[in-house]
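S.K.:
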Amino acid sequence: MKASPPRWLALVLLANMAAVLSSCRTAKSVVEAVEVQPSSFLTHAKDLKEDRKHSPFLGNWWNRDKSVLAAADRCRKIYVAPVLYANVRPDKTLVAAVEHDAGWRRRRLPVLAGYMKDQFEAAFSKAKEPRYAVVQAPAADALTLELNLLEWGPNTYTGVITRQAVDFFTFNVGGEVALRNTRGYMAIEGRVVEPKSKQPVFEFADKEYAKVVILISIQDFRRYGQAHFAVKEWAAQLEKLLRSRAGERVADSSPAVLFNY
């Protein structure tokens with residue numbers, strides 16, 4: 003079997019281009035003006051930058067220490083740690099006040115955190131060309147993926163009904179675009195840690211709102227619909243990014259879709 007080229011060293015090249023590409027913006031930051039504010043969970047939260055030509059995430063930071071990157075590149079296993087959610091930010095949207103309180107959401111956070119862990123493990127273990135074998139405990143030869151749930155606004159029936167009412171008079175556009183804050187949303191942050199040095203080799207943060215749906219939306223009628231959809235996308239994108247070659251682009255999905263199941 004032909005050995006694959008070092009992936010983490012390829013990230014060094016991407017990091018060196020960060021200053022040049024810092025003006026590049028992702029589709030969601032341009033089209034929907036979406037921003038994410040990482041927390042102190044990330045060591046390099048203030049250094050995260052967009053890099054549309056290579057990463058789908060709103061914020062990215064790569065370690066430039068060649069020794070740490072070389073050690074990470076030798077790892078062929080990955081451990082997905084339990085997802086943290088204790089410091090998730092309050093949902094201050096109007097529809098949240100109408101349909102659920104902080105207690106309702108707090109009781110459901112453990113379920114969502116468990117779903118996140120399962121989906122990220124599945125993305126790595128079921129990839130067509132997997133680079134890492136998923137392990138169930140930290141190991142000396144395994145990278146550790148640490149994830150933190152920053153924000154979660156569940157889908158609401160109030161939001162769906164409001165958007166649909168506006169869309170009826172605006173050709174299915176006004177409600178979806180103008181009333182973004184009635185849509186479900188989610189924000190996460192994470193880091194990949196090299197086992198021996200305990201140093202992060204990659205840190206990221208991202209935020210997603212429920213997609214603007216042109217024709218039919220089923221997902222919007224499920225409380226966890228947007229969150230589940232976003233988590234699956236993030237997991238697949240991160241897996242692909244960590245095995246990408248130098249110069250290879252991992253594109254973000256479109257903020258608008260025809261159907262949303």
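Count along the sequence shown from 1, add 2, and you get the number used in the numbering used here. Just so you know, even glycine gets a beta-carbon here, dropped at the ideal spot from N, CA and C.
1) Grab me the residues of residue 145's own chain with a C-beta within less than 8 Å of its C-beta, minus the 5 sequence neighbours each way, in chain order.
2) Answer with buried or exposed for residue 114, where buried requires no fewer than 16 other C-beta atoms within 10 angstroms of its C-beta.
3) With a cut-off of 8 Å on the beta carbons, I'd call residue 151 and residue 190 a contact; round off their distance for me.
4) At a threshold of 7 Å, does residue 239 count as lining the ligand SAM (C-beta to nearest heavy atom)?
5) Could you tell me the distance, in whole angstroms, from the CA atom of residue 44 to the CA atom of residue 225?
6) Determine the contact status of residue 58 and residue 207, defining contact as a CB-CB distance below 8 Å.
7) To the nearest angstrom, report how far apart residue 251 and residue 55 are at their CA atoms.
8) Should residue 281 go down as buried or exposed, given a rule of 16 or more other Cβ atoms within 10 Å for buried?
9) Just curious, the alpha helix (DSSP H) that residue 107 is in, first and last residue?
10) Just verifying my parser: in three-state terms, what is the DSSP assignment at residue 270?
11) For residue 126, I'd like the list of residues in its chain whose CB is within less than 7 Å of its CB, leaving aside the five on either flank, ordered along the chain.
12) Please say whether residue 70 and residue 228 have beta carbons closer to each other than 8 Å?
13) May I have the straight-line CA-CA distance separating residue 188 from residue 210, to the nearest angstrom?
14) Which residues does DSSP pair with residue 81 in a beta bridge?
15) If you follow the beta strand (DSSP E) that residue 205 is part of, which residue opens it and which one closes it?
16) Among the residues of its own chain, which have a CB less than 7 Å from the CB of residue 234, if the five just before and after it don't count?
17) Tell me the DSSP secondary structure of residue 192 in three-state form.
18) If distances are taken between C-alpha atoms only, which option among 88, 155, 138, 232 comes closest to residue 94?
19) Less than 8 Å between the beta carbons of residue 186 and residue 212, yes or no?
20) Within a Cβ cutoff of 6 Å, which residues of the same chain sit near residue 153, ignoring the five residues on either side of it in sequence?
21) So, is residue 247 buried or exposed, given that buried needs 16 or more other C-beta atoms within 10 angstroms?
22) When burial is assigned at 16 or more other CB atoms within 10 Å of the CB, is residue 103 buried or exposed?
M.R.: Considering the structure as presented:
1) Within the sequence shown, the letter at position 143 stands for residue 145. Correct list, in chain order: 74, 77, 79, 80, 81, 134, 194, 195, 196, 197, 203.
2) Stepping through the sequence shown from its first residue, residue 114 is reached at position 112. Per the 10 Å Cβ criterion, buried.
3) Stepping through the sequence shown from its first residue, residue 151 is reached at position 149. Stepping through the sequence shown from its first residue, residue 190 is reached at position 188. Taking the Cβ atoms as the reference, residue 151 lies roughly 6 Å from residue 190, within the contact range of under 8 Å.
4) Ligands are entirely absent from the displayed structure, and the ligand SAM is therefore not among its contents.
5) Sequence index remark: in the sequence shown, residue 44 carries index 42 (1-based). Sequence index remark: in the sequence shown, residue 225 carries index 223 (1-based). Spanning the two alpha carbons is a distance of roughly 28 Å.
6) On the sequence shown, position 56 is the one that residue 58 refers to. On the sequence shown, position 205 is the one that residue 207 refers to. One thing to note: residue 58 has its Cβ no nearer than 8 Å to the Cβ of residue 207.
7) Residue 251 sits at position 249 when you count from the first residue of the sequence shown. Residue 55 sits at position 53 when you count from the first residue of the sequence shown. Looking at the two C-alpha atoms, the distance is approximately 6 Å.
8) This structure gives no information on residue 281, because the portion of the chain shown stretches from 3 to 263.
9) In the sequence shown, residue 107 corresponds to position 105, counting from 1. DSSP places residue 107 in the uninterrupted alpha helix (DSSP H) bounded by 104-127.
10) Residue numbering for the chain in the displayed model covers 3 to 263; residue 270 lies beyond these limits and cannot be assessed.
11) Within the sequence shown, the letter at position 124 stands for residue 126. Take residue 126, set aside five residues on each side of it, and the residues of its chain with a beta-carbon closer than 7 Å to its own are 80, 132, 134, 136, 241, in chain order.
12) In the sequence shown, the residue the question calls residue 228 occupies position 226. In the sequence shown, the residue the question calls residue 70 occupies position 68. The Cβ-Cβ distance between residue 228 and residue 70 does not fall below 8 Å.
13) As a working note, residue 188 is residue 186 in the sequence shown. As a working note, residue 210 is residue 208 in the sequence shown. Each residue's Cα considered, the two are about 5 Å apart.
14) Working through the sequence shown from its first residue, we reach residue 81 at position 79. 137, 146.
15) As a working mapping, residue 205 is identified with position 203 in the sequence shown. Per DSSP, residue 205 belongs to the beta strand (DSSP E) from 202-211.
16) Within the sequence shown, the letter at position 232 stands for residue 234. Within the same chain, Cβ atoms closer than 7 Å to the Cβ of residue 234 are found at 121, the five residues on either side in sequence being excluded.
17) As a working note, residue 192 is residue 190 in the sequence shown. Correct three-state label for residue 192: strand.
18) For this step, residue 94 is matched to residue 92 along the sequence shown. Nearest to residue 94 by C-alpha distance, out of 88, 155, 138, 232, is 155.
19) If you number the sequence shown from 1, residue 186 lands on position 184. If you number the sequence shown from 1, residue 212 lands on position 210. In this structure, residue 212 lies closer than 8 Å to residue 186 by Cβ.
20) Position 151 of the sequence shown, counted from the start, is the residue given in the question as residue 153. For residue 153, the CB contacts under 6 Å within the same chain, skipping 5 residues up- and downstream, are 91, 189 in chain order.
21) Numbered from 1 along the sequence shown, position 245 holds the residue referred to as residue 247. By the 16-neighbour rule on beta-carbons within 10 angstroms, residue 247 is exposed.
22) On the sequence shown, residue 103 is found 101 positions in, with the first residue counted as 1. It is exposed - the Cβ of residue 103 has fewer than 16 other Cβ atoms within 10 Å.
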